[in-house]
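Here it is as structure tokens:
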């Protein structure tokens, strides 16, 4: 499926698919109107760079659809993927002049952007936005700490299961699916990208995904469409557990 054009995007914030999770999630009608005055949409094709590390950013915004990677390049040219941006994730930092990482669209990407200086000014007079942004920043910190555990201590099988559970959990939250339902989602990364992100070889990623499929933990339709019949079973493979509530 191709990326939607600007004309087909939800101009009404109330119809936005990420409305309940984005930075504007707690805004009242008058606050949404203020955001609407400074927002615009941007489309990026798969493989296109959103911003390079060190470049000035004149916007901040939320991923509406698609996925992007955060990548850091060392002085000797080695690159490391350090994060993923999924729908509803926030891009950019108010008060920071330049980008800290390369942001690259992994799939076709749609972003709801806000002009940076007006957005920074708006934070001071709209507590709902500033509080939500703080919550999202703390959630991002928690996710980064969780990912340190994944990369540092988990086996290859647990790493693959952890990544699948993270993507599945986000898909469920965006679609408001509870933890007792069968999860179906599109895997937004190639196996090569998964290997890069997890610090594994391509062969190991393929072997572990095949094992999870063979044992019925996941079902695959093509290379990207994943069905998880028992989410708690996937969490067990990841070395995690579930409280049985809404997947967030």
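Residue numbers (my numbering): 1 to 248.
Each residue gets a CB set at the ideal place from its N, CA and C atoms; glycine is no exception.
Burial state of residue i (16 or more Cβ within 10 Å)
i           : result
residue 81  : buried
residue 45  : exposed
residue 98  : exposed
residue 92  : buried
residue 210 : exposed
For residue i: DSSP bridge partner residues
i           : result
residue 114 : 39, 60
residue 225 : 186, 221
residue 91  : 61
residue 80  : 72
residue 109 : 44
residue 98  : 56
Residue i, DSSP secondary structure in three states
i           : result
residue 45  : coil
residue 169 : helix
residue 150 : helix
residue 239 : coil
residue 234 : helix
residue 136 : helix
residue 86  : coil
residue 17  : coil
Host alpha helix (DSSP H) of residue i (start-end)
i           : result
residue 204 : 202 to 214
residue 195 : 191 to 198
Residue i versus residue j - alpha carbon distance
i           : j           : result
residue 35  : residue 127 : 13 Å
residue 220 : residue 56  : 41 Å
residue 165 : residue 187 : 11 Å
residue 15  : residue 64  : 12 Å
residue 112 : residue 89  : 11 Å
residue 41  : residue 73  : 28 Å
residue 203 : residue 215 : 18 Å
residue 150 : residue 237 : 12 Å
residue 95  : residue 120 : 7 Å
Neighbour flag for residue i against chain C, beta carbons, 7 Å
i          : result
residue 64 : Structure shown: chain C not included; a single protein chain is present.
Residue span of the beta strand (DSSP E) that contains residue i, given as start and end
i           : result
residue 55  : Taken as a continuous stretch (DSSP letters only), residue 55 belongs to no beta strand (DSSP E), as it is neither H nor E.
residue 102 : 102 to 105
residue 21  : Run containing residue 21: none; DSSP gives neither H nor E here.
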